[in-house]
Each structure stands twice: as C-alpha cells, then as structure tokens.
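Residue numbers (my numbering): 1489 to 1788. Even glycine gets a Cβ: it sits at the ideal position worked out from N, Cα and C. I have placed the structure first, in the form of structure tokens, so that the comments after it can refer back to it.
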Amino acid sequence: MAKILISGASGLIGRALVATFNSAGHTVFSLTRRSPKPDSGCFYWDPTRRIIEIPLDTKFDVVINLAGEGIANGRWSKQRKQHLRDSRIQSTKLLGKALAASPPKLLLSASATGIYGNGGEELLSESSQEGGGFLASLAHDWEASAQVCAQELRCRLCLMRFGVVLSPHGGALGQMLLPFKLGLGGRFGNGRQWMSWIGIGDAVRAISHLINNDHIQGPVNITTPSPVINLEFTHTLARILRRPALLPIPAFLLRLIFGELADQLLLSSARVHPSRLLETGFTFEAPTLEEALCRLLMKK
Ligand SMILES: NC(=O)c1ccc[n+]([C@@H]2O[C@H](COP(=O)([O-])OP(=O)(O)OC[C@H]3O[C@@H](n4cnc5c(N)ncnc54)[C@H](OP(=O)(O)O)[C@@H]3O)[C@@H](O)[C@H]2O)c1
C-alpha cells in the first residue's frame, strides 16, 4: 500500500483518484488552497504566496500533481493567461522544493494533448513534435518545470498528457450535458476537428497503470485509441441522450464568445494515439465513445 499525495485533489480527476485509491487501501493526502479540516489528510498551500504546509517528517511514495486553474473557465486576457501559467508552473516548482527533504519514488505530473497544437489530420503519438500557440507553450513549460523537479528529486517522472477527460460530474462533458439534454447541442464550427478523449474510469485506471509499472517514464498520452471528429462526438452524445442536436455553433460565433480560446481549444484538432499506454500493455474498459458515454451516463 502506498502513501500518495495529490495536488488539485478536489478537481474532476483528483476526486475520482482519491475515491479509487482510498477504496484500494492506499493512504491518500491532498494539497488544497482551501482551509483543510484537522486530521483530514489535507495540507494547505497557496502557490501564489509560496506557502506550503506539508509536515517535514512526511514521506510519500507517489506524488500526483494536478493543480491548475481551469483552462476553459473564461476568456483569456493577458492576466488570465498569466494565472493559468503560474497556477501550474509556480505550483510545480513549489511542490518540488517542499519534497526535497524526503523525495518520493514517483512524480506523476499533469499535462495535456494541447502540447501538440493544432494537428489537423495527423495521428499524434508521444514522439510527435510539439505544436505552437498558447496551450502548447503552456504544456511545454509545465512539463519542463516537472522535469526539473524530478531531476532534483531523482525520482521517476511520468508526464500525463490528458485528452478531454469525460465525466458527467464536470469538465467538458459536464458542461455539454444540459444543452444537449435540451436538444440544443450541436457541432463546433464545421465539426471536422479531431477530439481525443478518455472516460474518467479509464483515466484513473491509466494512472494506476503508470504507478504499477516502474519502467514507464516520460510523456504518456492519456487518451483512448479511438479519437473522433467533433461531428461524430456531437451525434453520438445526442443519440445516447435520445435528443436531436439542433444547434451547430459557427466558428465566428465561438470566436466572438470565447476569443482566442475558441481556436485553440474548441476548433483545434488533436488526433492523438495512446502509443505508450498500449505498448506497455494497458487495456481500456471503454475504448469506444459509444461504450464510454453509455457507461458514464447510465451510471449517473
Ligand atoms: N479534465 C480534463 O479534461 C483535462 C484535460 C487535459 C488536461 N487536464 C489537466 O489536468 C489537471 C487536472 O484536471 P481536472 O479536470 O481535475 O482539473 P479541475 O477540476 O479544474 O481541478 C484542478 C484543481 O486545481 C486546483 N487549482 C485551481 N486553481 C488553482 C490555482 N490558481 N493554484 C493552485 N491550484 C489551483 C483546485 O484545487 P483546490 O481548490 O483544492 O486548491 C482544483 O480542484 C488540470 O491541471 C488540467 O489542466 C485536464
């Protein structure tokens, strides 16, 4: 049984990990910016003020770094872009310093398939070139800060390049559910852009796979082998909810509402292949979108 510390544990992926690790008998600790209850296994930190309150005598086997301000929570002003960067890069550096006295064996640090930029039709693996744009440079710098951290701690590092993590409880799918249930869903732009996705259950299983396989290190795409274009995603979700998808949103309107975020997140194409997961023997419980959505939406 492992001692696991998770930053950003209160988020979508973190909550699912905490529940799974607790029921598997691991001892889970978390880092949060909210005031933690005494003896809850939560430690307080405030990366903007460089405060981190991990007791000095605590040693963790695994540290999972998920903290970061929501990428899609608002338009990207210059100030907001700085917050998005600081909340990932400064916090990773702070975490590394706090762990220096008792380094873990393994650091799993979040990243995103956004690192590949707008890949068009190209099938992207971990060895593909990084792309351009704000999201790619954010992911690049976030990974670089985790690499420095792992070098200093002399620990194994996995860089988890998440695609869109699907859960009815939040994230992209959580936000789409209401309009789709009202029959107001629709493709984004021409709907030809690729979406790389993974169900929350498989994302948690993939993270456990990284923990359990000591030989895996470096970038790992956390996506299924079956990315879909946005049009197919829209039709599949609408079919499973038994609703029409009546309202395509044209690119110009997305740009008007969301600004730069529209081109880099909603209209950008990421056709990503989970090469590293597959070659290390990982199997998906829900490899197709239909299976994943049925599983997620029937559970709710
Ligand atoms: N979900 C996806 O589809 C997806 C896809 C690609 C990449 N990722 C990346 O994976 C990570 C985890 O994803 P998620 O969906 O679980 O994220 P999430 O639900 O937005 O949760 C992130 C957590 O980070 C902490 N946080 C927020 N703002 C912060 C700040 N300014 N400074 C420090 N901590 C802050 C919060 O914890 P406290 O309030 O408790 O401090 C929050 O619960 C994120 O960094 C995200 O960018 C996610």
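- Here residue 1592 really is in contact with residue 1641; their C-beta atoms are around 7 Å apart, less than 8 Å.
- Contact annotation, residue 1498 with residue 1515: C-beta distance approximately 18 Å; criterion of less than 8 Å not satisfied.
- In this structure, residue 1624 has its CB at a distance of at least 7 Å from all heavy atoms of ligand 1.
- If one requires a minimum length of 3 residues, the beta strand (DSSP E) runs lying completely within the region 1669–1719 are 1685–1687 and 1706–1710, in chain order.
- Taken in chain order, the whole beta strand (DSSP E) runs of length 3 or more contained in the region 1526–1562 are 1530–1534 and 1550–1553.
- In this structure, ligand 1 has a non-hydrogen atom nearer than 7 Å to the beta-carbon of residue 1575.
- Taking 7 Å as the cut-off, one finds no heavy atom of ligand 1 near enough to the beta carbon of residue 1494.
- Across the structure, residue 1564 and residue 1753 are spaced so that their CA atoms are roughly 12 Å apart.
- Residue side-chain check: residue 1521 places its Cβ nearer than 7 Å to a non-hydrogen atom of ligand 1.
- Excluding the 5 residues flanking it on each side, residue 1654 has same chain C-beta neighbours closer than 8 Å at 1660, 1661, 1685, 1686, 1687, 1688, 1780, 1781 and 1784, in chain order.
- Excluding the 5 residues flanking it on each side, residue 1667 has same chain C-beta neighbours closer than 8 Å at 1673 and 1735, in chain order.
- The region 1755–1771 makes contact with the region 1700–1717: 3 or more CB pairs, one atom from each, lie closer than 8 Å.
- Of the heavy atoms belonging to ligand 1, at least one sits nearer than 7 Å to the Cβ of residue 1571.
- With contact defined as three or more Cβ pairs closer than 8 Å, the region 1562–1576 and the region 1715–1733 are not in contact.
- Along the length of the region 1611–1672, whole beta strand (DSSP E) runs at least 3 residues long occupy 1644–1650 and 1652–1654, reported in chain order.
- With a contact defined as Cβ atoms closer than 8 Å, residue 1610 and residue 1690 miss out at about 23 Å.
- Cβ neighbours of residue 1770 within its own chain (closer than 7 Å, five residues either side excluded): 1694 and 1697.
- DSSP places residue 1491 within a strand segment (E or B) once states are collapsed to three.
- An exposed status is given to residue 1632, since fewer than 16 other beta-carbon atoms sit within 10 Å of its beta-carbon.
- The straight-line gap separating the alpha-carbon atoms of residue 1636 and residue 1576 is approximately 14 Å.
- Here residue 1722 carries a helix assignment [DSSP, helix/strand/coil].
- In this model, residue 1630 and residue 1599 are separated by some 7 Å (Cα to Cα).
- Within 7 Å of the C-beta of residue 1607 there is not a single heavy atom belonging to ligand 1.
- Rounded to whole angstroms, residue 1531 and residue 1495 show a C-alpha spacing of 9 Å.
- Going by beta carbons, residue 1556 and residue 1601 fall outside the 8 Å limit.
- With a threshold of 7 Å, the Cβ atom of residue 1500 counts as near ligand 1, since some heavy atom of the ligand is closer than that.
- Taking all protein chains in view, the Cβ of residue 1535 is crowded by 16 or more other Cβ atoms within 10 Å, so the residue is classified as buried.
- In the three-state DSSP reduction, residue 1515 falls in the strand class (E or B).
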